[in-house]
Structures are given as C-alpha cells and as structure tokens.
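The block underneath contains the structure these notes are about, expressed in structure tokens.
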Amino acid sequence: MEYIRDYAMYASIFGMFSFCWFGWAQENPRPSWRIFLGIASGIALLVCLAGVYFSVTNWDAASALSEKTKFSTYLITVYIEFIIAGIGAVVLIKWKLKNYVAPWIAFIVGIHFIGLKSVFDDSSFYILAGLLVAVSILSLFISPRLKVANSAITGIGAGIVLFAFALLGLIRFGIYV
Numbered sequence: 042m043e044y045i046r047d048y049a050m051y052a053s054i055f056g057m058f059s060f061c062w063f064g065w066a067q068e069n070p071r072p073s074w075r076i077f078l079g080i081a082s083g084i085a086l087l088v089c090l091a092g093v094y095f096s097v098t099n100w101d102a103a104s105a106l107s108e109k110t111k112f113s114t115y116l117i118t119v120y121i122e123f124i125i126a127g128i129g130a131v132v133l134i135k136w137k138l139k140n141y142v143a144p145w146i147a148f149i150v151g152i153h154f155i156g157l158k159s160v161f162d163d164s165s166f167y168i169l170a171g172l173l174v175a176v177s178i179l180s181l182f183i184s185p186r187l188k189v190a191n192s193a194i195t196g197i198g199a200g201i202v203l204f205a206f207a208l209l210g211l212i213r214f215g216i217y218v
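Heads up, the sequence shown is in the numbering used here, so the first residue is 42 and it goes up one at a time.
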C-alpha cells in the first residue's frame, strides 16, 4: 500500500475498534480481569487518538479510497458486513443465544477484511481476517472452560488483534513520513 494517510487511519480505526472490543469484553469476565481490560481500553483509545491526529494532519495526502471504484467496493463491503452481522445478531438474540453474538460479529468482521484486501492492496488484511475468525471460533471453546461470557474471550482476542494492527498502522505510517 502506498498511501500513508491510510496507515494513519488504520491506527485510528483499529484503535477505536480495539477500544470497543475491550469494552465488550467487560460484559462478564472474571472480576480480576476488569482492571486490565480498562487499562487496555484506555491504551487502545490513545492509539486511536494518535491515528486521528496523524490522519487529520495528513488529510491532503492520497488515500486508496480516493479512487472511485475502490471507495465503492469499500462501501459495499462495509454495508454488507453491517447487514449480515446485524441480521445474525438479531436472529441469535431472538433464539435466546445472545452469548453467541460477540463471536458472530467477530467472525463477520474478520471475513469482511478479505474483501477489503483488494481495496487497500494490503495482504496483511488476510492475516487480520484469519486472526479474527480464529478468535471467534476459539472463544466458543475457551469461554465455557473459563466460565465467562463468550464476549469476554472474543472481546479480549479481537481487542488484542485490532490493537496490534493499530500499532502496525502507526509503525507503517512512521516509516513513510
């Protein structure tokens, strides 16, 4: 990928969603985990804000989304993700399976990065997709063993993965500035 503004946006967006996943993990974790989840949320938010700052100060730099076709593909991919994730969540809640909503959302979010790989021409999105899908599946086995909500394990796993990619965005941004 050749667009430094997009790397800054990686830090911003992945940092924000890392913050959100660490927050969701606080639904029903072990009580001793809460302080660490709070700290992780705060650090993820700081990385997000750094990404926002670098994005805004480099707003005139080119972006992959400046190309009309790529922007359209991006929007279609994100809309489809939201629709499928939302419908699945509603169905799970209606069937009284709300404990599976977080893994479902993480699974769909992971899959959507496969479609975004071509938009940003960034093969690391395949790794991101694989890790989020793995987190969503593994949480189904780990959560019952630890006697915590699926959202605790899914949120921690997705939060860590997205935080790592937010940091990677900052590092890549720094390399090209």
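Where a beta carbon is used, it is the ideal one built from N, C-alpha and C, also for glycine.
Through-space distance from residue j to residue i, alpha-carbon basis
i: GLY64; j: ARG186; result: 21 Å
i: VAL132; j: PRO72; result: 30 Å
i: ARG46; j: TRP136; result: 43 Å
i: ALA207; j: LEU157; result: 16 Å
i: LEU211; j: LYS188; result: 36 Å
i: LEU87; j: LYS139; result: 30 Å
i: GLY127; j: PHE214; result: 33 Å
Beta-carbon proximity list for residue i, same chain, < 7 Å, skipping 5 on both sides
i: PHE182; result: none
i: SER184; result: ALA190, ASN191, ALA193 and ILE194
i: SER59; result: ALA85, GLY200, LEU203, PHE204 and ALA207
i: SER82; result: PHE60, PHE63 and GLY64
i: ARG75; result: GLN67
Three-way DSSP call (helix, strand, coil) for residue i in this model
i: GLU122; result: helix
i: SER184; result: helix
i: LEU138; result: coil
i: SER96; result: helix
i: GLU43; result: coil
i: GLU40; result: Residue coverage of the chain in this structure runs from 42 to 218, which leaves residue 40 outside it and unanswerable.
i: ASN69; result: coil
i: ALA205; result: helix
Close Cβ partners of residue i (< 6 Å) along its chain, the five nearest in sequence each way excluded
i: PHE154; result: PHE166, LEU169 and ALA170
Residues near residue i by beta carbon distance below 8 Å, same chain, minus five either side
i: ALA130; result: VAL142, TRP145 and ILE146
ask   = How about the stretch 63-83 and the stretch 95-111: do they share at least three Cβ pairs that are nearer than 8 Å?
value = They do not touch, by the three-pair rule.
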